[in-house]
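Undergrad: Sequences listed follow chains A and B, in order. 3 is the number of the first residue of the first sequence in my numbering; add one for each residue after it. 4 is the number of the first residue of the second sequence in my numbering; add one for each residue after it. Beta carbons: idealized from backbone N, C-alpha and C, even for Gly. All figures in this text were calculated on a predicted structure; none of them were measured in a lab.
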Amino acid sequence: MADTQRPLSPHMGIYRWQVQMVTSIVHRATGIALSVGTLLVLWGVFSLAHGEDSYNQFKTCIGSPIGLVLMFGWTWALFYHLCNGIRHLIQDGGMGYAIPQFVRSSWLAIVGSIVLTIIVWAYVLMSGGAA
Amino acid sequence: MSANGQQHDVRTQLRNPLKRARGLGSAQSGVGHWWTQRVTAAALVFLALWFVVTVLSMLHADYATAHSIVAKPWNAVLLVAFVLTVCWHAVLGLQIVIEDYVHTRWKEVALLVLVKFIAVLGTLATLMAVLHVALGA
Numbered sequence: 003m004a005d006t007q008r009p010l011s012p013h014m015g016i017y018r019w020q021v022q023m024v025t026s027i028v029h030r031a032t033g034i035a036l037s038v039g040t041l042l043v044l045w046g047v048f049s050l051a052h053g054e055d056s057y058n059q060f061k062t063c064i065g066s067p068i069g070l071v072l073m074f075g076w077t078w079a080l081f082y083h084l085c086n087g088i089r090h091l092i093q094d095g096g097m098g099y100a101i102p103q104f105v106r107s108s109w110l111a112i113v114g115s116i117v118l119t120i121i122v123w124a125y126v127l128m129s130g131g132a133a
Numbered sequence: 004m005s006a007n008g009q010q011h012d013v014r015t016q017l018r019n020p021l022k023r024a025r026g027l028g029s030a031q032s033g034v035g036h037w038w039t040q041r042v043t044a045a046a047l048v049f050l051a052l053w054f055v056v057t058v059l060s061m062l063h064a065d066y067a068t069a070h071s072i073v074a075k076p077w078n079a080v081l082l083v084a085f086v087l088t089v090c091w092h093a094v095l096g097l098q099i100v101i102e103d104y105v106h107t108r109w110k111e112v113a114l115l116v117l118v119k120f121i122a123v124l125g126t127l128a129t130l131m132a133v134l135h136v137a138l139g140a
């Protein structure tokens, strides 16, 4: 290690948690979760191609308590990645980099994803539950 | 070391890094990864919303209804487009995450290749299944 008293890259522990950090980390986490969730789409289409029994089995699985929790999680992950992804696309266009805007758009992505998730699951509940 | 060799070394040291970064840069692929990730993201804004609405329309569908919904030409095309774009976007995104956090070279390369294999197989399998449903067999 260098002898000079240069400042080192700080460890995570000394950072105060800020919403911009959370949105960035969660964007990656939801991206990984959604990659795995894509396999479920594959399973669904496969069961449809395979026949009625496979399809009913698939429906029973995603309609089970664990299935519903996973579906709820993936719904939120999808909407979060979507909202925050749009935010990143706008930032890639060179807009929204001032710190107050950056913080505001972070919160907007979080709130937007929760609202969209609630809308979808309210629709599911109103139409008589899932599967 | 010969005078000639020293001269060569000095010239290498003094070469501006920009010389290697110009054009497609040192990796020779330019901003292809970055740009493709954005283009697939923009497509997925629309495809993901279509996907959610379509899945919601199939909530209480029995086998025959669900089958006929996926078999509709536009739904079949968009479903294949959705899965293809998702897998493409996922490969690009997971590549960045793996490159950032997996610091053992052989594990990094193995994971990168594994992710690509799964994505290609998943895409082809979905394509086959959707064709099976849409064209009937």
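Verify the CB distance criterion: does B/Val123 have a CB-CB separation below 8 angstroms to chain A?
TA: Numbered from 1 along the second sequence, position 120 holds the residue referred to as residue 123 of chain B. False, the Cβ-Cβ gap to chain A never drops below 8 angstroms.
Undergrad: At a cut of 8 angstroms, does the stretch 69-82 of chain A reach the stretch 118-131 of chain A through at least three beta carbon pairs?
TA: The stretch 69-82 of chain A, when compared against the stretch 118-131 of chain A, does touch it at the 8 angstroms Cβ threshold.
Undergrad: Per DSSP, what kind of secondary structure is A/Met97 in: helix, strand or coil?
TA: As a working note, residue 97 of chain A is residue 95 in the first sequence. Looking at A/Met97 - three-state DSSP - the assignment turns out to be coil, as it is neither helix nor strand.
Undergrad: Rounded to whole angstroms, what is the Cα-Cα separation between A/Asn58 and B/Ala67?
TA: Here the question's residue 58 of chain A lines up with position 56 in the first sequence. Here the question's residue 67 of chain B lines up with position 64 in the second sequence. Cα to Cα, A/Asn58 sits roughly 11 angstroms from B/Ala67.
Undergrad: Given that a residue counts as buried once 16 or more other Cβ atoms are within 10 Å of its Cβ, and exposed if not, what is B/Arg18?
TA: Locating residue 18 of chain B in the second sequence gives position 15, where the first residue counts as 1. Flag for B/Arg18 reads exposed.
Undergrad: Take B/Leu82 as the anchor and find which of B/Ile101, B/Thr129, B/Ala69 has the nearest alpha-carbon.
TA: On the second sequence, residue 82 of chain B is found 79 positions in, with the first residue counted as 1. Minimum Cα distance to B/Leu82 is reached at B/Thr129.
Undergrad: Quick one: list the residues of chain A neighbouring B/Gly139, beta-carbon separation under 9 angstroms, in chain order.
TA: Here residue 139 of chain B corresponds to residue number 136 of the second sequence, with the count starting at 1. Residues of chain A passing the Cβ test: none, with the nearest at roughly 10 angstroms.
Undergrad: Does any C-beta atom of chain B lie closer than 8 angstroms to the C-beta of A/Arg30?
TA: Indexing the first sequence from 1 puts residue 30 of chain A at position 28. Output row for A/Arg30: interface = yes.
Undergrad: Within its chain, find whatever has a CB closer than 7 angstroms to the CB of B/Gln9; leave out the 5 residues flanking it on each side and keep chain order.
TA: Locating residue 9 of chain B in the second sequence gives position 6, counting from the first residue. Since pLDDT at B/Gln9 reaches only 49, below the 50 mark, its modelled position is unreliable, and the value read off the structure follows with that caveat. Cβ within range, chain order: n/a, list empty.
Undergrad: Can you give me the Cβ contacts of A/Val28 inside the same chain, cut-off strictly under 7 angstroms, excluding the 5 residues immediately before and after it?
TA: In the first sequence, residue 28 of chain A corresponds to position 26, counting from 1. Hits under 7 angstroms: Tyr82.
Undergrad: Can you tell me where the alpha helix (DSSP H) holding B/Arg108 begins and where it ends?
TA: Translated into positions along the second sequence, residue 108 of chain B becomes position 105. Its alpha helix (DSSP H) spans residues 108-138.
Undergrad: Can the beta-carbon of B/Gly125 be found closer than 8 angstroms to that of A/Leu41?
TA: The residue labelled residue 125 of chain B in the question sits at position 122 within the second sequence. The residue labelled residue 41 of chain A in the question sits at position 39 within the first sequence. In this structure, A/Leu41 lies closer than 8 angstroms to B/Gly125 by Cβ.
Undergrad: Could you tell me whether the Cβ of B/Arg41 comes closer than 8 angstroms to any Cβ of chain A?
TA: The residue given as residue 41 of chain B occupies position 38 in the second sequence. So, interface residue.
Undergrad: Between the C-alpha atoms of B/Thr39 and B/Ala30, what's the straight-line distance to the nearest angstrom?
TA: Start at 1 with the first residue of the second sequence, and residue 39 of chain B comes out as number 36. Start at 1 with the first residue of the second sequence, and residue 30 of chain B comes out as number 27. If I take the Cα positions, the gap works out to 16 angstroms.
Undergrad: Taking the alpha-carbon positions, what's the A/Val126 to A/Ser115 distance?
TA: The residue given as residue 126 of chain A occupies position 124 in the first sequence. The residue given as residue 115 of chain A occupies position 113 in the first sequence. A/Val126 and A/Ser115: Cα-Cα distance of roughly 17 angstroms.
Undergrad: What residues in its chain sit with their C-beta under 7 angstroms from that of B/Met4, if we drop five residues either side in the sequence?
TA: Working through the second sequence from its first residue, we reach residue 4 of chain B at position 1. Per-residue confidence for B/Met4 stands at a pLDDT of 40, beneath the threshold of 50, marking its modelled position as unreliable; the derived number appears in the next sentence. Nothing listed; no residue qualifies.
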